[in-house]
Structure formats: C-alpha cells, structure tokens
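Notes follow once the structure below has been shown.
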Amino acid sequence: MQNRVITRKDLAAFVDKLIETKAAGDVIGIKAHGNKYNFGPLKKAVDLRLDYDISLLPPKKYFFPQSETVLKFKVGDPPDVEPVVEEKKLCIVGVHPFDIRALLLMDAVYGGNHPDPNYFLKRNNSTIIGVDCLNPNPKSFAASMGTATIDEGFDLMLTDIGDDYFVTVGSNRGDSLVKKYARTREAKATDEEKRDRVRKDALKKYRVSLKMSPAEIPSLLEDNWENPVFKQKSDTCFSCGSCVMVCPTCVCFDVQDDMALNLKEGERFRRWDACMLVEFAKVASGENFREHREQRFRHRMYRKGKYLIERYKQPGCVGCGRCATACLAEIASPAETFNLLKEAK
Amino acid sequence: MVMQLTAKQSIHLPRIAEIVRVEALSDREKVFEFKFADGKDLGHRPGQFVEISIFGIGEAPISVTSSPTHKGSFELAVRATGSVTNALHKLGKGAKVGIRGPFGNGFPLETLRGKDLLFVAGGIGLFPLRSLINYVLDTRKDFGEVTTLFGCRSPQERLFCDQLAAWNACKDMCFMETVDRAPDDSWKGNVGVITTLFPKINIDPAKTYAIVVGPPVMYRFVIVECLKKGLAEDHIIMSLERRMKCGVGKCGHCQINGLYCCQEGPVFTYAQVKSLKEAV
Chain A
1020 MQNRVITRKD LAAFVDKLIE TKAAGDVIGI KAHGNKYNFG PLKKAVDLRL
1070 DYDISLLPPK KYFFPQSETV LKFKVGDPPD VEPVVEEKKL CIVGVHPFDI
1120 RALLLMDAVY GGNHPDPNYF LKRNNSTIIG VDCLNPNPKS FAASMGTATI
1170 DEGFDLMLTD IGDDYFVTVG SNRGDSLVKK YARTREAKAT DEEKRDRVRK
1220 DALKKYRVSL KMSPAEIPSL LEDNWENPVF KQKSDTCFSC GSCVMVCPTC
1270 VCFDVQDDMA LNLKEGERFR RWDACMLVEF AKVASGENFR EHREQRFRHR
1320 MYRKGKYLIE RYKQPGCVGC GRCATACLAE IASPAETFNL LKEAK
Chain B
5 MVMQLTAKQS IHLPRIAEIV RVEALSDREK VFEFKFADGK DLGHRPGQFV
55 EISIFGIGEA PISVTSSPTH KGSFELAVRA TGSVTNALHK LGKGAKVGIR
105 GPFGNGFPLE TLRGKDLLFV AGGIGLFPLR SLINYVLDTR KDFGEVTTLF
155 GCRSPQERLF CDQLAAWNAC KDMCFMETVD RAPDDSWKGN VGVITTLFPK
205 INIDPAKTYA IVVGPPVMYR FVIVECLKKG LAEDHIIMSL ERRMKCGVGK
255 CGHCQINGLY CCQEGPVFTY AQVKSLKEAV
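From first to last, the protein sequence lines stand for chains A and B. Using my numbering, you'd call the opening residue of the first sequence number 1020 and step up by one each time. Using my numbering, you'd call the opening residue of the second sequence number 5 and step up by one each time.
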C-alpha cells in the first residue's frame, strides 16, 4: 500500500464521489454546528470541517448509539421475542487519531468472550477516514497521552500539509477506495517529511499536559486512593453525567423495556449510562456501592487511568478534552486530577 | 477486528422458560421452578446467576437456588423488591419468562472437593448457597466435614423451612441456625446474630473452606469470626451482590474497581476482596 498526496480540490471530489456512489456506505462527516463541531450525515464535501478541534460527541455513537433497540417482543403464550440488530455500512470522514484510539478500545470491550453483534454489525462494514488534529482543543492533552497521532485503526488518514493533504493508507479497503475514486499522486519522501513535521508542530499546540508519563498513571492512582484531591475536586460535582456522555472511552449502558400503548408488544432498548449518576451502582435492596459523589468521581478517574488499561491493555482516556469542555463545575479533566495527585506526592 | 456475527447471537436474546411451580417462602419471597421448552438443563454451576426477563418490565439478575444435580428444571428464589421481581411475584404456574445465562464464575467446586466446608448464610444469602449445599449433599462423598450456619432476622423470616428441617435432621451435615430477635416464646431455637454460632462450631482450619453469603453488613462480622477460627484469607469465599444488567461484562453496572462482578465474580475469596475497595 502506497501513501498518496491529494489536492484539496481532488479531496473534495473524492468525498463527493463517496457520497454519490455510496461505495463505502452512507457518508458521515465532521461538520460545523454553530460555533462547535459534530459528526452527521454528509450531503456534500464542502460541508466538511477537517480543521476542527473536537466534535461534541465522539464518533462511537455510530456503532454504539445513544439509544438502540435490541429486542422486539409480543407478550403472549409463549412470548414472541426477536433480536433487533441493525446492520450499517458507514464511511466516517474526519475522525481524529485520539478518537480512533478510543474506537479500538470499544472494539476490545464489545468483543471479548461475549462479542456484541449490535456493535460489530455496524463497526465491521464501516470505513474510517481519519484526519490529524492540527488545531487542538484548549482542554485537550492528547499529546501527553500519546494519542495525538496513530498508525492503526483507520482506512485512510489525512494530514493537511499546506496546499495538499497527505493520505496515509491504512488498509486494503482504504487503498482500493483511493485507487478507484480519487485523483492522487504517489507520496514522495519529501511529502512524508512534511507530514511528520506538521504532526510534530501540532503536538506543540496542546495547552494541557501531564506532569508524568501515561505509563505512570496506574501506579499513581494505586497509591492515592485516600488522597483528599478526590473529595476536594468532587465537592462541586453536580453528578450530571455530562463528562461521561461526551467521552469516547465511556462504554456503559442501561437496559430498559418500553411497552407499546396496546400493552401487547414492546421493545427492549439499551442506552448510554453514566457511572457519575447516583443510581448507577445501586442494587434493588437499596444498597448503593458508590453512594457519594467522591466515590463516583474517584471511580471515573480510576476507570480512565487504571481499570481500563489493566483490563484491555489500552488507554482508558485518550485526552480529547471533551469532558473538561462539557463540565459545568470545571472539575472533569483527568489530566488536572492526575497532575494534582502527582504534585501532592 | 472483523468478527462474523449474526443477530441470533445477540447478547440480549433470552431463552423462553415456563414456570412449572411457585411456592411462597414468606411474605416477600417465593421460589419459582422453571423449565425450558426444549427440556434442556440450564447447565449452571452453584453460585452462578441468570437474567430473568418479564417482557415489558425488564430484566433482573437472580442467583440460581437449585443444585445442578437436579435435572430437567431449575429454581430461582426471589424477593419482591424491584419492578421485575414484583412483576414475577404476580406470575403463576404456566407463565412464560425469558432467561439469559447462566452467568458468572460460580463457586470453585474444584477447589472445594475433598475439603471440609463451613457454609454461612444470612437471610436471602441462603438462596445462592442452597444450590451449593444441596450439590454437596448430593455428591457427599466428594467432600469432608460439612457445617452449615443460617441466620435471619426473626422466625417469620426463615426461608425454605422444610429444607432447613431436613438439613437439621440430616446426619451428613452439622446444621445450626439462629434468629437475631424472637418476638415471643414460640421460637425455641438460638437467638442472636449469626456470629454467636461460631463459638459452638469445631472446624479444622487447615482443611476447611468457609463459604459465606449474606448482606454486606454480615460479611464484616463473619469474616472476623472466620479469621479468628484460623481460616486463611483465601479459604474464605464470598458471593457479592451487584446490579448486573447485561451479565456479559459490557454494561458496567457491576464493576468493583477494575473487576466485573458478572465476569470475574460474583464469587470471590476474601483474599481477593480485601485488595478491592468498595467491595462490601
């Protein structure tokens, strides 16, 4: 697979071709949403905003929707129950490296011993066209997390190298799409140098950084369970769950039934849930294993910095900065808490 | 990453089972016996749980109370507490429900074989433990000395009374029970919390495993008694309660620190639990 270079005009033509032919499925792209950005169905390439910082919601929503029907049933004798697994073929354009890193974690979570068809029947057929993040969000610390660039998990990766985009080809699927639908030229060593320089320069634009290497975070947390930082930070927590709702590595869901008005049929659906909400760890007897917001706040920090890494051997936080952007109390940034713990040492 | 899957492999899809018997255990608890339409066994180990579906209401995780040595059907003993369990309590013989599972690790039978066993059940902690106790009684020669302690709050809250009477009469096992409080003289048995039974038992700590199931508060006191008896930390086995929603390690509700209670649990040794925070 040979990396390519594409002009801005030819890139737009390529994306328009993908939209028109649906060769890689329905095209989703990063678009402006007021003064923010979000992923949505793309009607024309000109709507793409590849210079964005972060999307409101991470692209995981296409494989793990906010709410998803998983069963349909008719009550009766016996009840008639059918699984509902929506299959999708999508081409998502403009995914940042840290969000691709988060998708690789999602793959591990939704795979494993009990692989989830609802996730993989959307994920498997989808094409990821990434774009390097050259205008980092002020709250992002992806550079420190080592997630600002990535060399796996995409079909194509675009890097704005000035007049043109560098196209790193990451899969056979990406390779054949480019060959078939894009006018490109072969990348030369000088183009590759340009790409690497642009990437390196972007790393310097991150305004939040960790005061430790990411590899150190699990042991830092291990030693700091009782640290007053968790109480201090969480004292102003609204337990609203916003930090979780925008997080690309949050994978948890609730399952509920919804009955039709005729009371004869209904559906079971799952939807995003948040460990920061007070009810999350409550059992029927009334016992709540994380009753206090300090416990929930600490759990989230441990989840991001320790539990997910230990379980899946992949970062539990990719440093995108969405939680810190969404948090009204301005306490959600894992980088801030990790740094405070490091300083307190 | 490509994983070839079909809708039929949905992690949410239950099997349909029929209630073939319902028996009230108390005002709040009933035991339900289920059969699958195809006559297949549940295929569980003692200590595992299932997700029971009442369509239109939802799913709830319930431990299996029958022993796998009992073939052709299985039993769930259920306290009416939440929306699903209250709806289940309204169902009778012939009603059909959904069952997913069995899930979880179950009790470590391989470790327990050949050993002396001390069962300690508090209240409805008896439900999951009953599966193991009856399994042990049905395969009695595979195990050493067996002692069972059961405690509940009052004589009215005793569960599986016929079973308790049978265990009491059983020569294969030493059985003792107590109630926290007896409101009148009609109760002739022990009165006091379950730890008051510990001075009355004789166990060889080197050969004994304690299997303890009860409410969180009970663990705090019973574990101290087990340690006082000289049991090693990895010889004390507990089953923990969590809100398992999916049963397959995805939904996140049952997390205890980095563990998923529905995957690595619900059965843990005290040695494991000790190293966890917020476990009990």
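No residue lacks a Cβ here, since even glycine has one placed at the ideal position from N, Cα and C.
Evaluate contact between the segment 238-257 of chain B and the segment 50-66 of chain B, counting only Cβ atoms and requiring at least three cross-stretch pairs below 8 Å. At 8 Å Cβ cutoff, the stretches touch.
Inside the segment 1137-1210 of chain A only - beta strand (DSSP E) runs reaching at least 3 residues: Runs found: 1146-1150, 1175-1179, 1183-1188.
Give me the chain B residues within the contact set of Leu-1222(A), using Cβ-Cβ distance strictly less than 9 Å, ordered along the chain. Within the first sequence, the letter at position 203 stands for residue 1222(A). Against Leu-1222(A), chain B offers no close residue; the least beta-carbon distance is about 27 Å (beta-carbon pairs closer than 9 Å).
Who pairs with Glu-1286(A) in a beta bridge, going by DSSP? Sequence index remark: in the first sequence, residue 1286(A) carries index 267 (1-based). Residue pairing by DSSP puts Glu-1286(A) in a beta bridge opposite Lys-1091(A), Asp-1277(A).
Do you know offhand how far Val-1033(A)'s Cα is from Thr-1203(A)'s? What you label residue 1033(A) is simply residue 14 of the first sequence in a count that begins at 1. What you label residue 1203(A) is simply residue 184 of the first sequence in a count that begins at 1. Correcting the residue type first, residue 1033(A) is Phe in the shown sequence and not Val. So the alpha carbons of these two residues sit roughly 10 Å apart.
Relative to the alpha-carbon of Gly-1095(A), which residue among Lys-100(B), Gly-193(B), Thr-89(B) has its alpha-carbon at the smallest distance? Translated into the one-based positions of the first sequence, residue 1095(A) becomes position 76. Distance from the Cα of Gly-1095(A) is smallest, within the candidate group Lys-100(B), Gly-193(B), Thr-89(B), for Lys-100(B).
Are the segment 1198-1215 of chain A and the segment 1339-1355 of chain A in contact at 8 Å, needing three or more beta carbon pairs? At 8 Å Cβ cutoff, the stretches do not touch.
First and last residue of the uninterrupted alpha helix (DSSP H) at Met-1320(A): Within the first sequence, the letter at position 301 stands for residue 1320(A). It spans 1312-1321 - the alpha helix (DSSP H) in which Met-1320(A) sits, taken as one unbroken run.
Best match in Leu-29(B), Lys-94(B), Lys-119(B), Gly-96(B) for proximity to Ile-128(B) [C-alpha to C-alpha]: For the purposes of this step, residue 128(B) is taken as residue 124 along the second sequence, with counting starting at 1. When each option's Cα is compared against that of Ile-128(B), the closest is Leu-29(B).
Coarse secondary structure for Gln-1085(A), derived from DSSP in three states: Taking the first residue of the first sequence as 1, we reach residue 1085(A) at position 66. Of the three classes helix, strand and coil, the one that applies to Gln-1085(A) here is coil, per DSSP.
Three-state secondary structure assigned by DSSP to Leu-17(B): In the second sequence, residue 17(B) corresponds to position 13, counting from 1. Look at Leu-17(B) here: in three-state DSSP terms it is coil, with no helix or strand label.
Element boundaries [alpha helix (DSSP H), containing Val-228(B)]: Stepping through the second sequence from its first residue, residue 228(B) is reached at position 224. Val-228(B) -> alpha helix (DSSP H) spans 220-232.
Let me know if Gly-3(B) comes out buried or exposed under the rule of 16 or more other beta-carbons within 10 Å of its beta-carbon. As shown, chain B starts at 5 and ends at 284. That puts residue 3(B) outside it, with no answer to give.
Rounded to whole angstroms, what's the CA-CA distance from Lys-1141(A) to Arg-1289(A)? Just pull it up for me. Within the first sequence, residue 1141(A) is the residue found at index 122, counting from 1. Within the first sequence, residue 1289(A) is the residue found at index 270, counting from 1. Their Cα atoms are separated by approximately 16 Å.
Return no unless some Cβ of chain B is closer than 7 Å to the Cβ of Met-1176(A). Residue numbering aside, residue 1176(A) sits at position 157 when the first sequence is read from its first letter. For Met-1176(A), not one C-beta of chain B is nearer than 7 Å to its own C-beta.
Can Pro-1233(A) be considered in contact with the ligand HEM, in the sense that its beta carbon sits closer than 6 Å to one or more heavy atoms? Although the ligand HEM was asked about, the structure shown includes no ligands whatsoever.
What does Glu-245(B) reach in chain A if we use C-beta pairs closer than 8 Å? Along the second sequence, read from residue 1 onward, the residue named residue 245(B) stands at position 241. One finds Val-1302, Ser-1304, Glu-1306 in chain A with Cβ atoms closer than 8 Å to the Cβ of Glu-245(B), taken in chain order.
With a threshold of 7 Å between beta-carbons, can Gly-1260(A) be considered close to chain B, or not? The sequence position of residue 1260(A) within the first sequence is 241, counting from 1. Cβ-Cβ to chain B under 7 Å: no for Gly-1260(A).
In chain A, which residues lie less than 9 Å from Ser-30(B) when you measure between Cβ atoms? Counting from 1 along the second sequence, the entry for residue 30(B) is found at position 26. Going along chain A, no residue has its Cβ under 9 Å from Ser-30(B), so there is no contact; the nearest lies around 15 Å.
Under a three-way DSSP split, which group does Asp-1099(A) fall into? Counting from one through the first sequence, the residue named residue 1099(A) turns up at place 80. Secondary structure of Asp-1099(A) (DSSP, three-state): strand.
Taking Cβ positions only, does Leu-1090(A) come closer than 7 Å to chain B? Position 71 of the first sequence, counted from the first residue, corresponds to residue 1090(A). Interface criterion met: the Cβ of Leu-1090(A) is under 7 Å from a Cβ in chain B.
What is the DSSP secondary structure of Trp-1291(A), counted as helix, strand or coil? As a working mapping, residue 1291(A) is identified with position 272 in the first sequence. In the structure shown, Trp-1291(A) sits in a strand (DSSP, three-state: E or B).
If I measure Cβ to Cβ from Phe-154(B) and keep anything under 7 Å in the same chain, skipping five residues before and after, which residues do I get? The sequence position of residue 154(B) within the second sequence is 150, counting from 1. The residues are Ala-125, Leu-130, Leu-168, Glu-181.
Please confirm if Val-1034(A) has its CB atom under 7 Å from at least one CB of chain B. Position 15 of the first sequence, counted from the start, is the residue given in the question as residue 1034(A). For Val-1034(A), the answer is no, since every Cβ of chain B falls outside 7 Å of its Cβ.
Within chain A, partners of Val-252(B) - CB distance below 7 Å: For this step, residue 252(B) is matched to residue 248 along the second sequence. What Val-252(B) touches in chain A: His-1133.
Quick check on DSSP: helix, strand or coil for Gln-259(B)? Start at 1 with the first residue of the second sequence, and residue 259(B) comes out as number 255. Gln-259(B) falls in the strand class under three-state DSSP.
Got a sec: is the Cβ-Cβ distance from Pro-1102(A) to anything in chain B below 7 Å? The residue labelled residue 1102(A) in the question sits at position 83 within the first sequence. Yes, its Cβ sits closer than 7 Å to a Cβ of chain B.
Of the listed residues Ser-190(B), Val-82(B), His-16(B), Val-88(B), nearest to Phe-1092(A) (C-alpha basis): By 1-based counting over the first sequence, the position of residue 1092(A) is 73. Of Ser-190(B), Val-82(B), His-16(B), Val-88(B), the residue nearest in Cα terms is His-16(B).
Which runs of the alpha helix (DSSP H) spanning at least 4 residues fall entirely within the segment 1025-1083 of chain A, listed in chain order? Listed in chain order, they are 1027-1040.
Take Lys-1332(A) as the anchor and find which of Ser-1261(A), Pro-1247(A), Met-1125(A) has the nearest alpha-carbon. Sequence index remark: in the first sequence, residue 1332(A) carries index 313 (1-based). Lys-1332(A) has its Cα closest to that of Met-1125(A), out of Ser-1261(A), Pro-1247(A), Met-1125(A).
Should Tyr-1326(A) be flagged as near chain B, meaning a C-beta pair shorter than 7 Å? Locating residue 1326(A) in the first sequence gives position 307, where the first residue counts as 1. Output row for Tyr-1326(A): interface = yes.
Helix, strand or coil at Cys-1346(A) according to DSSP, with G and I counted as helix: In the first sequence, residue 1346(A) corresponds to position 327, counting from 1. For Cys-1346(A), the secondary structure class from DSSP, reduced to helix, strand or coil, is coil.
What residue range does the beta strand (DSSP E) around Leu-122(B) cover? Sequence index remark: in the second sequence, residue 122(B) carries index 118 (1-based). Note, Leu-122(B): beta strand (DSSP E), 120-126.
At a Cβ threshold of 7 Å, is Phe-179(B) touching chain A? By one-based count along the second sequence, residue 179(B) stands at place 175. Closer than 7 Å to the CB of Phe-179(B) there is not a single CB belonging to chain A.
For Lys-371(B), would you say it is in contact with chain A, using Cβ-to-Cβ distances shorter than 7 Å as the test? This structure leaves residue 371(B) out entirely; chain B is present only between 5 and 284.
Ala-1348(A) versus Leu-1075(A), Lys-1107(A), Cys-1262(A), residue with shortest Cα-Cα distance: For the purposes of this step, residue 1348(A) is taken as residue 329 along the first sequence, with counting starting at 1. Between Ala-1348(A) and the set Leu-1075(A), Lys-1107(A), Cys-1262(A), the nearest pair of CA atoms involves Cys-1262(A).
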